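Below: the structure, in structure tokens.
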Amino acid sequence: MGADFVDGKIDVVASGIRPSHPPDFKIDWPVGNKEYGFVQFHEPVILEDCAGRRERPAGTCIVYMPFQPRYYRARQGSLEHTWILAIGSGVSDCLAEYAIPTNTALELGELEFLEPYIHSVRLERLHLHHHYEDAITDLSREFLRRIGVLIAQAAEPLTVIQRRRADMLNEIRLAVHSDMCRRWTVPEMAAISGLNATRFATEYTKQFGASPIDDLIDARLRRAEFLLKHRSLTVKQISVECGFTSPEHFNRLFHARRGYSPGQFRKL
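Listed below in structure tokens is the structure:
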């Protein structure tokens, strides 16, 4: 996320959600490109930023100004990342307002709101409703605001108890999402944590920005999107593999949260 196309506006000109790449794929642009850029890496990555080139963990993000050098590649295997290219003076306004540094590795963890943001922008472009440019600007400002909040929170030191609780919630979330075919309930998740269900759901939502069940549904949908794009499986097979109760349930949730059916998504 550059040339200014309208003062104060933001337009997303291209994006990619976990695209498939060959094992030797890398970005090596010594003079960057003309757009602002945002990238999140879902696996460990060799990334060059203002501090030099070194390995960064999964969940690392970076924001680029136009014409800033860009270099990154997978530590091993193929690169798994989600990216955005944007233009407009509104981007630089937000970077300044929300104190978001550029060309700096940001270890913020997986951004659960990143893919929904991209889907919302794509829907605006698909339907071209009245004032869709303003809608994209509003969506983008909110996205960058949330990035700014995470950066500010990361700068605040955690107590030992807060760190232990954050680590515990991360471990539970990983266990749940690694077994998404199981019919998880909040009390089952809470039992692992030693908290009651209400307290667990509150702490979980505070840390990840979504309730435990909504977060699990989004994880299932992200897995389904990957399978729709990269595997020759039927919708029924994908619904089973991702833990949905039926193909009809899968179709309803996918359409409700993504704005189009699994079949339509496959053709995008």
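Take the sequence shown: its position 157, counting from 1, is numbered 192 in our numbering, and each next residue is one higher. Where a beta carbon is used, it is the ideal one built from N, C-alpha and C, also for glycine. Here the structure is a predicted model, which is why all the values come from computation and not from measurement.
Alpha carbon of residue i to alpha carbon of residue j, nearest angstrom
i, j, result
"Asn286", "His165", "28 angstroms"
"Ala170", "Thr117", "21 angstroms"
"Arg199", "Leu193", "9 angstroms"
"Asn138", "Gln103", "7 angstroms"
"Ser267", "Ala131", "45 angstroms"
"Glu159", "Ser55", "25 angstroms"
"Phe40", "Thr269", "Low local confidence applies: a pLDDT of 48 at Phe40 is under 50, so the model's placement there is unreliable, and no value is given."
"Ile81", "Val98", "16 angstroms"
"Ala226", "Thr240", "16 angstroms"
"Arg110", "Arg91", "9 angstroms"
"Ala236", "Ser296", "30 angstroms"
"Phe73", "Met100", "9 angstroms"
"Gln242", "Arg180", "17 angstroms"
"Val66", "Leu120", "15 angstroms"
"Val275", "Arg218", "12 angstroms"
"Pro222", "Tyr71", "43 angstroms"
"Leu191", "Thr233", "In the sequence as displayed, the identity of residue 191 is Glu instead of Leu. Roughly 26 angstroms separates the two Cα atoms."
"Glu168", "Gly43", "11 angstroms"
"Ala38", "Lys69", "Its pLDDT being 43, under 50, Ala38 is placed unreliably by the model, and nothing is read from it."
"Arg89", "Arg108", "11 angstroms"
"Phe60", "Ile45", "29 angstroms"
"Ile207", "Ala189", "21 angstroms"
"His290", "Gly87", "43 angstroms"
"Phe300", "Asn205", "30 angstroms"
"Thr220", "Glu238", "16 angstroms"
"Ile196", "Gly298", "46 angstroms"
"Lys302", "Ala187", "39 angstroms"
Contact under 7 angstroms by Cβ, residue i with residue j
i, j, result
"Met215", "Gly278", "yes"
"Ile52", "Glu115", "no"
"Gly183", "Ile135", "yes"
"Tyr133", "Asp63", "no"
"Cys96", "Leu141", "yes"
"Pro282", "Lys271", "yes"
"His162", "Arg293", "no"
Contact test: residue i Cβ vs the ligand GDP heavy atom, cutoff 6 angstroms
i, result
"Val195", "Because no ligand of any kind appears in the structure shown, any question about the ligand GDP cannot be addressed here."
Cβ shell of residue i (< 6 angstroms), same chain only, five flanking positions each side left out
i, result
"Arg255", "Met215, Cys277, Gly278"
"Leu185", "Leu143"
"Glu83", "Tyr106"
"Thr280", "none"
Beta-carbon contacts of residue i that lie in its chain and below 8 angstroms, excluding the five residues immediately before and after
i, result
"Glu145", "Gln75, His77, Ala93, Gly94"
"Gly112", "Pro58, Glu78"
"Val156", "Val47, Ser50, Ile171, Leu174, Ser175"
"His284", "Ser274"
"Phe148", "Phe178, Arg181, Gly244"
"Asn231", "Ala225"
"Ala201", "Leu193, Gln242"
Own chain partners of residue i with C-beta closer than 7 angstroms, once the 5 adjacent residues on each side are dropped
i, result
"Tyr152", "Leu174, Phe178"
"Met203", "Ser228"
"Ile252", "Leu288"
Under 8 angstroms: do the region 119-130 and the region 250-270 share three or more Cβ pairs, one atom per stretch? no
Does the region 232-248 touch the region 204-215, meaning 3 or more C-beta pairs lie closer than 8 angstroms? yes
Just list the beta strand (DSSP E) runs in the region 111-157, keeping only unbroken ones of 3 residues or longer that don't cross its boundaries, in chain order. 116-122
Going along the chain, which unbroken runs of the alpha helix (DSSP H) with 4 or more residues stay wholly within the region 190-270? 195-212, 221-228, 232-243, 247-265
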